[in-house]
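Comments concern the structure below.
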Amino acid sequence: MKGKRGKDFSRSRKKGAKPGWASLWVARAPRPVWKWFFPCLAAAFALRLLAAIGGDWIMRPDELFQYLEQAHRIVFGYGSVPWEFRFAERTWLLPALSVPPLWLAKITGLDSPSFYVSLTDSWHSLLSLAVPAGMYFFTRRFYNETGARIAFVLGCFWHELIVSAPHAQAEFPAAACFFAALAFAAGGAGKNAAARAAACGLFLGLTVLIRPTFVFAAGFAALLFLRDMRPRARAAMVGAGLATVFLVGLWDYAAWGGMWKSYFNYAKWQTSGYAEIPGWASPPGEHLESLLIASGGLFYIVFAAALFRVRRLWIPMAFFLLLFLPHQWSPLKEYTNLFPARAVLLVLAGCLIARWLRTGAKKKPESEGGDDLIPPKTKAAALAAAFALVSLAGLFGKLPGMEKLPPAVKSSALFYRFPFYTANYALSRLPPEEVKSVVFLVAPTYAHFGGHYYTHQNAPLLFPFTNSHDYRILNLPDTGDGTRRNEIFNAVLQNAGAHFAKSASHLIVPRGISAAGFSVAEENAGDYWLLANENIGGVSAPAGAVYDILDNGIMGLVGLVKQLDGIEGEISDYPLTPYR
561 MKGKRGKDFS
571 RSRKKGAKPG
581 WASLWVARAP
591 RPVWKWFFPC
601 LAAAFALRLL
611 AAIGGDWIMR
621 PDELFQYLEQ
631 AHRIVFGYGS
641 VPWEFRFAER
651 TWLLPALSVP
661 PLWLAKITGL
671 DSPSFYVSLT
681 DSWHSLLSLA
691 VPAGMYFFTR
701 RFYNETGARI
711 AFVLGCFWHE
721 LIVSAPHAQA
731 EFPAAACFFA
741 ALAFAAGGAG
751 KNAAARAAAC
761 GLFLGLTVLI
771 RPTFVFAAGF
781 AALLFLRDMR
791 PRARAAMVGA
801 GLATVFLVGL
811 WDYAAWGGMW
821 KSYFNYAKWQ
831 TSGYAEIPGW
841 ASPPGEHLES
851 LLIASGGLFY
861 IVFAAALFRV
871 RRLWIPMAFF
881 LLLFLPHQWS
891 PLKEYTNLFP
901 ARAVLLVLAG
911 CLIARWLRTG
921 AKKKPESEGG
931 DDLIPPKTKA
941 AALAAAFALV
951 SLAGLFGKLP
961 GMEKLPPAVK
971 SSALFYRFPF
981 YTANYALSRL
991 PPEEVKSVVF
1001 LVAPTYAHFG
1011 GHYYTHQNAP
1021 LLFPFTNSHD
1031 YRILNLPDTG
1041 DGTRRNEIFN
1051 AVLQNAGAHF
1061 AKSASHLIVP
1071 RGISAAGFSV
1081 AEENAGDYWL
1091 LANENIGGVS
1101 APAGAVYDIL
1111 DNGIMGLVGL
1121 VKQLDGIEGE
1131 ISDYPLTPYR
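So the number in this note's numbering is just where the residue sits in the sequence shown, counting from 1, plus 560.
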């Protein structure tokens, strides 16, 4: 119906419906999109391209070794094999999302990491545009045009959505699929309703298959849409969703020998008590803290304000809770878990800001779109300035308190680059016949190593040290101040030349470190150097084409470290088994 607030699609048109229940799949007159929709989307893509090309960092290790590295294996035939892909604990669906840009790089002959890394990040940035677009169409259907435009602008230019866009982390394509489903549902009944319903079912199915913990939000969305659909559209949506799930099950059968086998194994691992491993559990309230700091407090204000309009806004509030609460039972609370929940909070912000701007707003003439409102310039300018300030501070990693948050948040800067990858790029430019095996004598987290995705050399990669997990495996005491780590690290460096002269063609070491029998292959401007064996012809590479991250790569050097440090005792079997 039409009234002071314009068209309101959130109220049910069914006689006797309960107050506050929304009929989201109802007939509607065609309406053109906002004239600034495509310009804003283009500007959003340009910012995401800056993050993709100007930055070069990994949000968390899974992004690299379980998605990008496996996509590299599919296209180029080699890569590190993490234990998840040794024990069928991951689906091939996520690596497949990164295959198109790598395949394009291969067939065009531009198969160098210096090119295809940026190309792959740009590809994911393009896919991420489904999030702000879906925010616009859903909010327009659920609330009104003004709220949709505000939510859309927030989605286009909010710092977290920009810096996350280039990354292959599971939550990001899952969020894109979820909001794509909402966008197709926003078309409602009418012309091509069955086709839109099928697309909605397809994307809801992919949402769950990419990130199973989103099943509650996807299921709730399906119920909202099914309630008002006609039989043909309902059958199309259910059929498309079930067909998507079944086809991915067949894919698992072909890859792992069982229908949905990777999903069952993943569920078994998640419920196996893995958080009992020291250091894995997250501090209590980590998600709440990240929501507070990364939004400058905005998200808390938004949700508190929405509570006063719960009868009007309960659907996006329910989406937020269904995306937020399932991750609270897990002891490992990662920053990326809440990505789509943050986008839903921006939808709530758009609706609330639109209502606030109505005070003193002037209604446009019918000839210019009578449902739209002209907000007071003072309020609009104040809100724009506040949003721009928080988003700009986030883009450059300058929000107050960011240093307290996990690395994925602290590193969220537009042009941040891992300094270690310059050595990987140098390695990728060498003739393949010269690279027989590479030892990474550095001590950052193993996400920094880059794997074969960054080195692009079909040779064994050995990682003596990655993170605190290595010391737990070796049963080493930890002083807490890095002293123990430094002692062992320095011992390995001092003996590097003698121990790796016959097995390693190249070493990657901190800048300024030398090793007997090795010379600097390329002095790059970064913090790490690539050293080449002066007797490459005498190098006998270790057995096996590829060493596994947190597996053979570490275990291959356990004997050396134990010998240098005089360690006694058995090595823990973690993480060589996927679950207990």
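Built from N, CA and C at the ideal position, the CB exists for glycine as well.
Rounded C-alpha distance that separates residue i from residue j
| i | j | result |
| --- | --- | --- |
| tyrosine 703 | cysteine 911 | 7 Å |
| phenylalanine 1060 | proline 960 | 45 Å |
| lysine 595 | arginine 709 | 10 Å |
| glutamate 629 | glutamine 1017 | 12 Å |
| phenylalanine 625 | alanine 745 | 35 Å |
| proline 979 | serine 1074 | 19 Å |
| serine 674 | alanine 736 | 27 Å |
| methionine 797 | leucine 883 | 22 Å |
| serine 855 | isoleucine 722 | 14 Å |
| valine 950 | glutamate 849 | 16 Å |
| leucine 689 | histidine 847 | 25 Å |
| arginine 794 | alanine 757 | 7 Å |
| alanine 754 | valine 904 | 26 Å |
| lysine 666 | valine 635 | 8 Å |
| lysine 828 | tyrosine 895 | 22 Å |
| lysine 893 | histidine 887 | 7 Å |
| alanine 946 | alanine 604 | 19 Å |
| proline 692 | leucine 714 | 8 Å |
| serine 682 | alanine 612 | 6 Å |
| glycine 1099 | leucine 1001 | The sequence shown places valine at residue 1099, not glycine. Answer to the nearest angstrom: the Cα atoms are 18 Å apart. |
| alanine 743 | phenylalanine 956 | 31 Å |
| phenylalanine 1009 | lysine 751 | 52 Å |
| valine 808 | serine 678 | 28 Å |
| cysteine 600 | alanine 741 | 21 Å |
| leucine 987 | proline 726 | 24 Å |
| valine 1080 | valine 998 | 14 Å |
| valine 768 | arginine 872 | 27 Å |
| leucine 545 | alanine 944 | The displayed coordinates of the chain run from 561 to 1140. Any statement about residue 545 would go beyond what the structure contains. |
| methionine 819 | arginine 792 | 29 Å |
| asparagine 1095 | leucine 654 | 41 Å |
| phenylalanine 717 | alanine 734 | 20 Å |
For residue i, the first and last residue of its enclosing alpha helix (DSSP H)
| i | result |
| --- | --- |
| valine 862 | 858-867 |
| tyrosine 676 | 673-688 |
| methionine 962 | First-last for methionine 962: undefined, no H or E at that position. |
| phenylalanine 774 | Here phenylalanine 774 belongs to no alpha helix (DSSP H), and DSSP marks it neither H nor E. |
| tyrosine 813 | 791-816 |
| glycine 910 | 899-917 |
| serine 640 | Looking at the DSSP string, serine 640 is not in any alpha helix (DSSP H), and its letter there is neither H nor E. |
| alanine 743 | 731-745 |
| histidine 719 | 719-724 |
| serine 850 | 846-854 |
Unbroken beta strand (DSSP E) run spanning residue i, endpoints
| i | result |
| --- | --- |
| leucine 1067 | 1066-1070 |
| tyrosine 1014 | Careful: tyrosine 1014 lies outside any beta strand (DSSP E), inside the alpha helix (DSSP H) at 1011-1015. |
Collapsed DSSP secondary structure at residue i in the structure displayed
| i | result |
| --- | --- |
| glycine 957 | coil |
| threonine 706 | helix |
| tryptophan 1089 | strand |
| asparagine 1095 | coil |
| phenylalanine 947 | helix |
| glutamine 626 | helix |
| leucine 882 | helix |
| leucine 670 | coil |
| glutamate 993 | helix |
| isoleucine 1073 | coil |
| methionine 877 | helix |
| arginine 650 | coil |
| lysine 893 | coil |
| proline 599 | helix |
| alanine 1061 | coil |
| arginine 591 | coil |
| methionine 819 | coil |
| lysine 828 | helix |
| serine 537 | Limits of the chain in this structure are 561 at one end and 1140 at the other, which puts residue 537 out of reach. |
Which residues DSSP lists as bridging residue i, in chain order
| i | result |
| --- | --- |
| aspartate 616 | Arg977 |
| glutamate 1082 | Leu1090 |
| valine 998 | Leu1021, His1066 |
Expected contact under 8 Å - CB spacing of residue i and residue j to nearest Å
| i | j | result |
| --- | --- | --- |
| alanine 777 | phenylalanine 879 | 5 Å |
| alanine 730 | arginine 771 | 5 Å |
| glycine 614 | phenylalanine 975 | 4 Å |
Any non-hydrogen atom of the ligand FAD within 7 Å of residue i CB
| i | result |
| --- | --- |
| leucine 687 | The model on display carries no ligand, and the ligand FAD is accordingly not part of it. |
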